[in-house]
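Below: the structure, in structure tokens.
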Amino acid sequence: MSSFFSNVQPAVKKETKNVAVYTVTGVIIMWIGFFVLHLILPEKIPFNYTVFLAGIGGGAVAVLNFFLMGLTVQKVAATTDEAAARMKMKASYSQRMLIQMLWVIVAIVAPCFQFAAGIIPLLFPGAGIKIAGIMKSRK
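First residue of the sequence shown? That's 138 in this note's numbering, and the numbers climb one at a time after it.
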């Protein structure tokens, strides 16, 4: 397992770590939001183990998606054939979207997950990257 991560470029490791921080932060904020909404509408908004499990699962899928994208970009950057690189990127995109769609289906169907709490974390990496970019541009 350690030899696998030794082949990962430092930039991919660093950005995946950043995305993991953004995602964990987003999941915690989401849990707080579910708690507050549960206090306001306890019969409509749950706040139990299903919210926590779904947040953990959705966050893990979101970070995995970003990591797999980083690995693909790393491989494509080392490729000299532009057509092959384009095909690798398209295949990677399709596979990563399939993983996310399978997670969405599981989050909706499996009773151990609160569906919204499982889907919302998929948005956190993109939002975190945008917010971090805005913060950097302000400096």
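The beta carbon of each residue, even a glycine, is placed where N, CA and C say it ideally should be.
Item	Value
Segment contact, 8 Å Cβ cut-off, at least three pairs: the stretch 181-201 with the stretch 164-173	yes
Check whether valine 200 and threonine 153 have beta carbons under 8 Å apart	yes
Under the three-state DSSP convention, the category threonine 162 falls into	helix
Pairwise C-alpha distance: alanine 222 and valine 156	24 Å
Under 8 Å between C-beta atoms of leucine 208 and valine 149	yes
Close beta carbons around leucine 259, own chain, < 8 Å, minus the five adjacent residues each side	Gly195, Val198, Ala199, Asn202, Gln237, Trp240, Val241
Assigned secondary structure, asparagine 155 (DSSP; H/G/I helix, E/B strand, else coil)	helix
Contact under 8 Å by Cβ, lysine 227 with lysine 212	no
Cβ-Cβ distance between glutamine 251 and proline 183 below 8 Å	yes
Nearest residue (CA-CA) to methionine 167, options Arg275, Gly263, Ser274, Ala253	Ala253
Cβ distance (whole Å) where proline 248 is taken to contact tyrosine 159 below 8 Å	That belief does not hold up - the Cβ atoms of proline 248 and tyrosine 159 are roughly 29 Å apart, past 8 Å.
Selection from Val145, Leu235, Ile256, Ile266 that minimises the alpha carbon distance to glycine 192	Ile256
Proximal residues to valine 164 (C-beta, below 6 Å), its chain only, five neighbours per side dropped	Gly192, Gly196, Pro258
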